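Scroll down for the structure; my scribbles are underneath it.
Number of protein chains: 2
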Amino acid sequence: MPDDGVSTRERILRACWALLEQGQGAKTRMSDIARASGVSRQAVYLHFSTRAELLIAVTRFVDAESDIDARLAASRAATSGLERLDAFIEAWGNYIPVVHPVCRALLDMAPGDEAAKLAWDDRMSALREGCMAAVSALKADGILRDDPDDAAATDLLWTLLSVRNWESLVEGCNWPQARYIEEMKRLARQALMSTG
Amino acid sequence: MPDDGVSTRERILRACWALLEQGQGAKTRMSDIARASGVSRQAVYLHFSTRAELLIAVTRFVDAESDIDARLAASRAATSGLERLDAFIEAWGNYIPVVHPVCRALLDMAPGDEAAKLAWDDRMSALREGCMAAVSALKADGILRDDPDDAAATDLLWTLLSVRNWESLVEGCNWPQARYIEEMKRLARQALMSTG
DNA sequence: GATTGCACTTGACACCACGTCAAGTCGATG
DNA sequence: CATCGACTTGACGTGGTGTCAAGTGCAATC
Numbered sequence: 001m002p003d004d005g006v007s008t009r010e011r012i013l014r015a016c017w018a019l020l021e022q023g024q025g026a027k028t029r030m031s032d033i034a035r036a037s038g039v040s041r042q043a044v045y046l047h048f049s050t051r052a053e054l055l056i057a058v059t060r061f062v063d064a065e066s067d068i069d070a071r072l073a074a075s076r077a078a079t080s081g082l083e084r085l086d087a088f089i090e091a092w093g094n095y096i097p098v099v100h101p102v103c104r105a106l107l108d109m110a111p112g113d114e115a116a117k118l119a120w121d122d123r124m125s126a127l128r129e130g131c132m133a134a135v136s137a138l139k140a141d142g143i144l145r146d147d148p149d150d151a152a153a154t155d156l157l158w159t160l161l162s163v164r165n166w167e168s169l170v171e172g173c174n175w176p177q178a179r180y181i182e183e184m185k186r187l188a189r190q191a192l193m194s195t196g
Numbered sequence: 001m002p003d004d005g006v007s008t009r010e011r012i013l014r015a016c017w018a019l020l021e022q023g024q025g026a027k028t029r030m031s032d033i034a035r036a037s038g039v040s041r042q043a044v045y046l047h048f049s050t051r052a053e054l055l056i057a058v059t060r061f062v063d064a065e066s067d068i069d070a071r072l073a074a075s076r077a078a079t080s081g082l083e084r085l086d087a088f089i090e091a092w093g094n095y096i097p098v099v100h101p102v103c104r105a106l107l108d109m110a111p112g113d114e115a116a117k118l119a120w121d122d123r124m125s126a127l128r129e130g131c132m133a134a135v136s137a138l139k140a141d142g143i144l145r146d147d148p149d150d151a152a153a154t155d156l157l158w159t160l161l162s163v164r165n166w167e168s169l170v171e172g173c174n175w176p177q178a179r180y181i182e183e184m185k186r187l188a189r190q191a192l193m194s195t196g
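From first to last, the protein sequence lines are chains A and B.
Counting along the first sequence from 1, when you hit position 12 you're at 12 in full-length UniProt numbering, and nothing is skipped either side.
Counting along the second sequence from 1, when you hit position 93 you're at 93 in full-length UniProt numbering, and nothing is skipped either side.
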């Protein structure tokens, strides 16, 4: 089936990814993607029954290509709670710019599309797990503050690390990525730990 | 021209506001708004040439009706920097739930509509002014930390107080409004002040 | 009392994306 | 050769926005 050893499906995924990286998510149409993939519009629907499904597939594809799991492994390997928090923020925070264009597109269509919304919520609840683990690690070390309870601490970290906040600081305020990471680490420490 | 002393234009604005308060922003159509206003769909276009224009007009209407200026006056009246920061967070933070349904609708259409995007950016840059003023007040009192410079401190406060973060905590995590306010005050103090 | 003007109604239409359908092409494989 | 699968082509339905043209009804004005 492939032309150059690459399946049509993958060509579409890559073309879509490339398009999203340089265009406004919401304005990338199925026909654009088809053209960029060198395939007819219908062929796209042959592989992905819906725009939302395609975008979701692209996020999974990007996850796989950029080895998000490996990135997060470091944070799970950390021994102390503080190390783990820092490593988690670094892993996730540095992954955001990679997936961001695709997230943007998914997010843009979420208000009007149930499937997109569910997929996004799913991603976000995965992130929440990571936050919860980091909070637990702090608690295990006895350095989690007790003003907000564990759940609230997780809520706070999760909100802090949202894609929107990254957009706000890095894209909206032109912060360099490194500054974003450092500031988030500081903020998270101040928000969650009893001793800074 | 009015039926009950209320202009058609205002009936539309109020009906739209009411609809947004109980529906999903993006799914509220022009025809829904027309029906709720007891007016034809075309009549709506007679007053607002575009859906974006209508939504923008509603936000301004809500601003006026809820006296956002009076709310913010308190923060400007504060004498100390810390008082001012707290008052600002309280004024804006407690205003969010009021405008939120309308913001939601505007935000939902922003990705695909230039006018909506501009209107939103405009609102956000007004908020930024407020943040900057609060930061300046802290600096005047000599209690602004110097790790992040003034601009970055403003960026941080502005991002912290974003509508998205309110949504995340209050709607996403079911925080009561009061808790949101208190936590934001704490977070802002920790993030901006040299002495907590 | 007729005329003009204004706010509004009615119904049709163009537009744009998404998604669907049916028929056809082309190459590989039995 | 026949058939199957991946793909193309072109037409179509749908839902929402925004436009257009003709009409209605009331009020102020002549």
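Positions of the beta carbon are idealized from the N, C-alpha and C atoms, including for glycine.
For clarity, every value in this text was computed on a predicted model and none was experimentally measured.
Following the continuous alpha helix (DSSP H) through residue 163 of chain B, name the residue where it begins and the one where it ends.
By 1-based counting over the second sequence, the position of residue 163 of chain B is 163. Run containing residue 163 of chain B: 163 to 166, per the alpha helix (DSSP H) assignment.
For residue 150 of chain A and residue 191 of chain A, I'd like the C-alpha separation in whole angstroms.
If you number the first sequence from 1, residue 150 of chain A lands on position 150. If you number the first sequence from 1, residue 191 of chain A lands on position 191. Taking C-alpha positions only, residue 150 of chain A is separated from residue 191 of chain A by approximately 12 Å.
Could you pull out every residue in the same chain whose Cβ sits closer than 8 Å to the Cβ of residue 160 of chain B, ignoring the five residues on either side in sequence?
Taking the first residue of the second sequence as position 1, residue 160 of chain B is located at position 160. Taken in chain order, the residues that qualify are 184, 187, 188 and 191.
Report the start-end ranges of each alpha helix (DSSP H) in the segment 74 to 153 of chain A that is 4 residues or longer and not cut off at the edges.
Considered as a whole, the segment 74 to 153 of chain A harbours 81 to 109 and 114 to 140 as its complete alpha helix (DSSP H) runs of no fewer than 4 residues, in chain order.
Contact list for the segment 81 to 106 of chain B against chain A, Cβ threshold 7 Å:
Taking 7 Å as the Cβ-Cβ cut-off against chain A, none of the residues of the segment 81 to 106 of chain B qualify.
What residue does the alpha helix (DSSP H) around residue 30 of chain A start on, and which one ends it?
Indexing the first sequence from 1 puts residue 30 of chain A at position 30. 30 to 37 is the extent of the alpha helix (DSSP H) around residue 30 of chain A.
Do you know how far the Cα of residue 130 of chain A is from the Cα of residue 38 of chain B?
Stepping through the second sequence from its first residue, residue 38 of chain B is reached at position 38. Stepping through the first sequence from its first residue, residue 130 of chain A is reached at position 130. Straight-line spacing of the CA atoms in residue 38 of chain B and residue 130 of chain A works out to 50 Å.
Proximity test, Cβ basis, 9 Å: residue 22 of chain B and chain A:
For the purposes of this step, residue 22 of chain B is taken as residue 22 along the second sequence, with counting starting at 1. Not one chain A Cβ lies under 9 Å of residue 22 of chain B.
Would you decide whether residue 75 of chain B is buried or exposed? Buried here means 16 or more other CB atoms lie within 10 Å of its CB.
Numbered from 1 along the second sequence, position 75 holds the residue referred to as residue 75 of chain B. Per the 10 Å Cβ criterion, buried.
Spell out whether any CB of chain B is found under 9 Å from the CB atom of residue 2 of chain A.
Mapped onto the first sequence, residue 2 of chain A falls at position 2. Note that residue 2 of chain A scores 44 on pLDDT, short of 50, meaning its location in the model is unreliable; the coordinates nonetheless yield the value given after this. For residue 2 of chain A, the closest Cβ of chain B is not nearer than 9 Å.
Using the beta-carbon of each residue, which ones in chain B are nearer than 9 Å to residue 177 of chain A?
Within the first sequence, residue 177 of chain A is the residue found at index 177, counting from 1. Chain-order list of chain B residues neighbouring residue 177 of chain A: empty, with the shortest C-beta distance near 14 Å, by a criterion of under 9 Å.
Show which residues of chain A have a CB atom less than 7 Å away from the CB atom of residue 123 of chain B.
Numbered from its first residue, the second sequence carries residue 123 of chain B at position 123. One finds nothing in chain A with a Cβ atom closer than 7 Å to the Cβ of residue 123 of chain B; even the nearest lies about 13 Å away.
Among A:169, A:119 and A:136, which one has its Cα closest to the Cα of residue 153 of chain A?
Numbered from 1 along the first sequence, position 153 holds the residue referred to as residue 153 of chain A. When each option's Cα is compared against that of residue 153 of chain A, the closest is A:136.
Just to make sure I have the definition right: I need the residues of chain A whose C-beta is within less than 8 Å of the C-beta of residue 26 of chain B. Which are they?
Position 26 of the second sequence, counted from the start, is the residue given in the question as residue 26 of chain B. Residues of chain A passing the Cβ test: 111 and 112.
Tell me which same chain residues have a C-beta within less than 6 Å of the C-beta of residue 134 of chain A, skipping the five on either side of it?
Reading the first sequence from its first residue, position 134 is the one you call residue 134 of chain A. Taking C-beta separations shorter than 6 Å and ignoring five residues to either side along the sequence, the partners of residue 134 of chain A in its chain run 84, 85 and 88, following chain order.
Is it buried or exposed, residue 79 of chain A, if we count other Cβ atoms within 10 angstroms and call 16 or more buried?
Here residue 79 of chain A corresponds to residue number 79 of the first sequence, with the count starting at 1. Answer is exposed; the Cβ neighbour count stays below 16.
Alpha carbons only, please: which of A:103, A:139 and A:112 is nearest the one belonging to residue 122 of chain A?
Within the first sequence, numbered from 1, the residue matching residue 122 of chain A stands at position 122. Of the listed residues, the one whose Cα sits closest to residue 122 of chain A is A:103.
Going by DSSP, name the residue or residues bridged to residue 184 of chain B.
The sequence position of residue 184 of chain B within the second sequence is 184, counting from 1. Looking at the DSSP assignment, residue 184 of chain B forms no beta bridge with any residue, so it has no partner.
Out of A:140, A:11 and A:52, state which residue places its alpha-carbon closest to the alpha-carbon of residue 25 of chain A.
The residue labelled residue 25 of chain A in the question sits at position 25 within the first sequence. Looking only at A:140, A:11 and A:52, the smallest Cα-Cα distance to residue 25 of chain A is reached by A:52.
Distance cutoff 9 Å, beta carbons only. Does residue 159 of chain A sit that close to anything in chain B?
On the first sequence, residue 159 of chain A is found 159 positions in, with the first residue counted as 1. The beta carbon of residue 159 of chain A falls within 9 Å of a beta carbon belonging to chain B, placing the residue at that interface.
Extent of the continuous alpha helix (DSSP H) run through residue 59 of chain B
As a working note, residue 59 of chain B is residue 59 in the second sequence. Its alpha helix (DSSP H) spans residues 51 to 65.
How about residue 108 of chain B and residue 112 of chain A: are their beta carbons less than 9 Å apart?
One-based indexing of the second sequence puts residue 108 of chain B at position 108. One-based indexing of the first sequence puts residue 112 of chain A at position 112. With respect to the 9 Å criterion, residue 108 of chain B and residue 112 of chain A are classified as neighbours on the basis of their beta carbons.
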